[in-house]
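In this text, residue positions in the sequence shown follow my numbering: the first is 51, and each later residue adds one.
Even glycine gets a Cβ: it sits at the ideal position worked out from N, Cα and C.
As the structure is a prediction and not an experimental result, all values here were calculated from the model.
The structure under discussion appears below in the form of structure tokens.
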Amino acid sequence: MIHLPDSPSLHVEDLHSDNAPTVVLIHDFRLDRRVWGDVAKRLPSQVRCVIPDLRGYGHSPAPDGQWSMRDVVYDLANTLFSLNIRDAVVVGSGTGGMIAQALAAEVPQTVRALVLIGTGAKLETEDRWLHRAQVLSDLPDTARVRQLLDAATYRAPDPHLCEIAASIRPDTLRRMCEAVAHTDLRRSTDALRLPTLGLVGRNDRITPPDLMREMIDGIPGASLELLPRCGHITAYDAPEATADAINGFLDRTGHLLPDFDSKDPS
51 MIHLPDSPSL HVEDLHSDNA PTVVLIHDFR LDRRVWGDVA KRLPSQVRCV IPDLRGYGHS
111 PAPDGQWSMR DVVYDLANTL FSLNIRDAVV VGSGTGGMIA QALAAEVPQT VRALVLIGTG
171 AKLETEDRWL HRAQVLSDLP DTARVRQLLD AATYRAPDPH LCEIAASIRP DTLRRMCEAV
231 AHTDLRRSTD ALRLPTLGLV GRNDRITPPD LMREMIDGIP GASLELLPRC GHITAYDAPE
291 ATADAINGFL DRTGHLLPDF DSKDPS
């Protein structure tokens, strides 16, 4: 039994059988769980797909005060424990990929394997994130959406993507950016020893392929796949290719095979 700090329960979209092997999809700081819609429907029907809204996003509560990356990770860990989820394949995009890395290091019993999309163990400098936090909290809505999505997609953002970005509250963006500013996972990520797939858009201008390759090369046995005609938000630019890469990884890791040691081998 592990004791975790008090954390709010997250709102989750929980798809398919609750006795199936689980895939967890973690969104970037720019968007909420809805960005995964076109990817989730392409995952195998025999997986349980859990898609959380991180704290302050979508329907999840936004605690007062300053947030740390550890707070965000423990929100997710507590939610997974409450759903009786262990040994999930955890997929994280952008800052969601940082959360996935930290979850694997801090609460390893929740993670069987990782898919890290357009992310790194350390993203930019502390000063740049703190500046971004202030700018995003001060901008009017239209300019804030443009700031969030400029350079993040290969194809032009459609109204649905803009609607998701517009729904993110300025205080949430500020607190999440401040949490990322103070996060450096390079040591803990280099110590990870679990199946890992890196995915990155060939046209990603935010976390370019060379940055992803540097991180992936530090994890023994990890592999990197490049998605053509795709930017930073692969779930939007290339949902089919993103889902295909995840599905291939699920096959290679045997995640869909029945666990005959479980209480419910069906």
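Could you have a look at glycine 281 and say whether DSSP puts it in helix, strand or coil? In the displayed model, glycine 281 falls within coil according to three-state DSSP, outside both helix and strand.
DSSP three-state call for alanine 215: helix, strand or coil? Looking at alanine 215 - three-state DSSP - the assignment turns out to be helix.
Please determine, among Arg205, Ala171, Ser59, Glu228, the residue with the shortest C-alpha to C-alpha distance to cysteine 187. The sequence as given places serine at residue 187; cysteine does not occur at that position. Among Arg205, Ala171, Ser59, Glu228, the Cα nearest to that of serine 187 is on Glu228.
Note down the Cα distance separating leucine 223 from valine 100, rounded to an integer number of angstroms. Distance from the CA atom of leucine 223 to the CA atom of valine 100, rounded to whole angstroms, is 23 Å.
Cβ distance (whole Å) where arginine 98 is taken to contact aspartate 125 below 8 Å: Beta-carbon to beta-carbon, arginine 98 and aspartate 125 are separated by about 19 Å, too far to satisfy the 8 Å threshold.
Candidates His305, Leu198, Leu211, Ser118: which alpha carbon is nearest threonine 233's? For the residues His305, Leu198, Leu211, Ser118, the minimum Cα distance to threonine 233 belongs to Ser118.
DSSP three-state assignment for proline 6, whether helix, strand or coil: This structure cannot settle anything about residue 6, because the visible part of the chain is limited to 51 through 316.
Let me check understanding here. Comparing Cα to Cα, which of Trp86, Gly115, Arg237, Arg162 lies closest to threonine 72? It is Arg162 whose Cα lies nearest to the Cα of threonine 72.
Unbroken beta strand (DSSP E) run spanning threonine 246, endpoints: According to the DSSP assignment, threonine 246 belongs to the beta strand (DSSP E) that extends over 246 to 251.
Bridge partners for valine 140 per DSSP, in chain order? DSSP output for valine 140 lists Val74, Leu164 as bridge partner(s).
Once you ignore the five residues that flank arginine 302 on each side, which residues in its own chain have a CB closer than 6 Å to its CB? If we look at arginine 302 and ignore the five residues flanking it on each side, it has no Cβ neighbours.
Excluding the five sequence neighbours on either side, which residues of its own chain have a C-beta within less than 6 Å of the C-beta of threonine 246, listed in chain order? Excluding positions up to five away in sequence, the list reads Leu164, Ile269, Ala272.
So, for methionine 51: in the same chain, excluding its five sequence neighbours on each side, which residues have a beta-carbon less than 7 Å away from its beta-carbon? Low local confidence applies: a pLDDT of 31 at methionine 51 is under 50, so the model's placement there is unreliable, and no value is given.
DSSP three-state call for aspartate 314: helix, strand or coil? Note that aspartate 314 has pLDDT 47, beneath the 50 cutoff, so the model's placement of it is unreliable and no number is given.
Could you name the residues of the same chain whose beta carbon sits closer than 6 Å to that of alanine 291, not counting the 5 residues immediately before and after it, in chain order? Taken in chain order, the residues that qualify are Leu277.
Pull up the DSSP beta-bridge partners for aspartate 64, would you. DSSP, once it has assigned bridges, lists Val100 as partnering aspartate 64.
Would DSSP call leucine 276 helix, strand or coil? In the three-state scheme derived from DSSP, where H, G and I count as helix and E and B as strand, leucine 276 is classed as strand.
Count Cβ pairs between the stretch 85 to 94 and the stretch 120 to 139 that sit closer than 8 Å; are there 3 or more? Taking 8 Å as the limit for Cβ pairs, the verdict is that the stretch 120 to 139 does not touch the stretch 85 to 94.
Taking one C-beta from the stretch 282 to 299 and one from the stretch 248 to 267 each time, how about it: are there three or more such pairs within less than 8 Å? At 8 Å Cβ cutoff, the stretches touch.
Quick check on the burial criterion: 16 or more other C-beta atoms within 10 angstroms. Buried or exposed for alanine 150? When all chains shown are included, alanine 150 counts as buried.
At the level of alpha carbons, what is the spacing between arginine 84 and isoleucine 296? Rounded to whole angstroms, the separation of the alpha carbons of isoleucine 296 and arginine 84 is 18 Å.
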